[in-house]
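Residue numbers (the numbering used here): 38 to 282.
Structure, rendered in structure tokens:
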């Protein structure tokens with residue numbers, strides 16, 4: 038249902054953006070669909086807690102759109118989809134699938150939070166767009182999911198993108214944006230930089246590797262299954278072949 042709600046409000050914004058211009062509508066649609074797809078995939082595939090919480094954030098975002106967009110038939114359909122999405126995220130079929138505790142071998146919290154914030158950045162910039170220098174807002178908004186993708190997929194330069202490149206772009210581009218877009222852009226740039234410079238974010242991107250060591254042991258200490266597989270007995274001699282019927 039979160040994905041259905043996102044698609045419904047995307048169609049509603051395309052048909053009638055209300056107080057938003059085409060740049061804002063485009064960014065908000067990109068943000069809604071990106072967040073919804075990631076949330077649903079995270080719940081279905083991994084049963085992650087962050088995926089359900091991201092779905093709840095999506096529900097809140099669509100509810101915000103219901104406040105500012107004009108009321109029409111698509112508004113009513115979108116509001117119903119938002120309500121159903123909120124209910125579905127609290128149903129036992131969803132809550133039972135989602136883990137109550139974080140995965141023991143899962144990534145650190147900040148390494149998950151950084152790409153999720155970047156994924157929702159287009160929506161935030163779109164809804165705060167001050168109708169000035171739309172190309173600047175598009176560059177900052179659309180580059181955020183690209184930085185999140187590069188980091189989450191461990192692409193070359195992914196860590197540099199979230200630590201330095203995108204935050205610097207968001208802060209520098211804030212001046213031509215004007216208010217309130219510029220304030221939002223600066224805030225997001227500073228927030229991402231502060232989170233990304235945490236050591237755990239680097240550890241998640243470049244996990245430490247340990248070189249293993251092997252030590253010989255007497256054959257009598259090895260499990261029988263391994264000896265049989267190696268074709269030797271407990272004294273290290275070739276075992277006699279077994280007769281098969």
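Using N, Cα and C, we set each Cβ at its ideal position, and we do this for glycine too. Quantities reported herein were computed from a predicted structural model and do not represent experimental measurements.
Subject >> Same chain, Cβ closer than 6 Å to residue 282, neighbours up to 5 away in sequence not counted >> reply: Within the chain shown, residue 282 is the residue found at index 245, counting from 1. Since pLDDT at residue 282 reaches only 46, below the 50 mark, its modelled position is unreliable, and no value is offered.
Original post:
residue 59: which of 174, 100, 200 sits nearest, CA to CA?
Top reply: On the chain shown, position 22 is the one that residue 59 refers to. Ranked by Cα distance from residue 59, the first of 174, 100, 200 is 174.
Original post:
When we look at the beta-carbon of residue 78 and count the other beta-carbons within 10 Å, is it buried (16 or more) or exposed?
Top reply: The residue you call residue 78 lines up with position 41 of the chain shown. Looking at its Cβ environment, which holds fewer than 16 other Cβ atoms inside 10 Å, residue 78 is exposed.
Original post:
Going by Cα to Cα distance, which pick from 166, 204, 89 is closest to residue 54?
Top reply: Within the chain shown, the letter at position 17 stands for residue 54. Taking only the C-alpha atoms, the option nearest residue 54 is 166.
Subject >> Opening and closing residue of the alpha helix (DSSP H) in which residue 189 lies >> reply: Locating residue 189 in the chain shown gives position 152, counting from the first residue. Counting along the chain, the alpha helix (DSSP H) containing residue 189 begins and ends at 171-189.
**OP:** Along the alpha helix (DSSP H) that carries residue 160, what are the first and last residues, could you check?
**Re:** Position 123 of the chain shown, counted from the start, is the residue given in the question as residue 160. DSSP places residue 160 inside the alpha helix (DSSP H), whose first and last residues are 146-164.
Original post:
Which residue comes first and which comes last in the alpha helix (DSSP H) that contains residue 234?
Top reply: On the chain shown, residue 234 is found 197 positions in, with the first residue counted as 1. From DSSP, residue 234 is part of no alpha helix (DSSP H); its letter is neither H nor E.
Original post:
Would DSSP call residue 220 helix, strand or coil?
Top reply: What you label residue 220 is simply residue 183 of the chain shown in a count that begins at 1. Correct three-state label for residue 220: helix.
**OP:** Compute the distance between the beta-carbons of residue 19 and residue 178, then report whether it is under 8 Å.
**Re:** Residue 19 lies beyond the residue range present for the chain, which begins at 38 and ends at 282; the question has no answer from this structure.
Original post:
Hey, out of 70, 229, 126, 69, whose CA is closest to residue 196's CA?
Top reply: Walking along the chain shown from the start, residue 196 turns up at place 159. When each option's Cα is compared against that of residue 196, the closest is 229.
Original post:
Is it buried or exposed for residue 87, if we count other Cβ within 10 angstroms and need 16 for buried?
Top reply: Taking the first residue of the chain shown as 1, we reach residue 87 at position 50. Residue 87 is buried by the Cβ-count criterion.
**OP:** To the nearest angstrom, report how far apart residue 152 and residue 85 are at their CA atoms.
**Re:** As a first step, residue 152 is located in the chain shown; it is residue number 115 there, counting from the start. As a first step, residue 85 is located in the chain shown; it is residue number 48 there, counting from the start. In a straight line, the C-alpha of residue 152 is about 15 Å away from that of residue 85.
Original post:
The alpha helix (DSSP H) spanning residue 98 covers which residue range?
Top reply: Locating residue 98 in the chain shown gives position 61, where the first residue counts as 1. 86-105 is the span of the alpha helix (DSSP H), which, as asked, contains residue 98.
Original post:
With distances taken between CB atoms, is the gap from residue 45 to residue 114 smaller than 8 Å?
Top reply: Locating residue 45 in the chain shown gives position 8, where the first residue counts as 1. Locating residue 114 in the chain shown gives position 77, where the first residue counts as 1. Yes, they are a contact pair.
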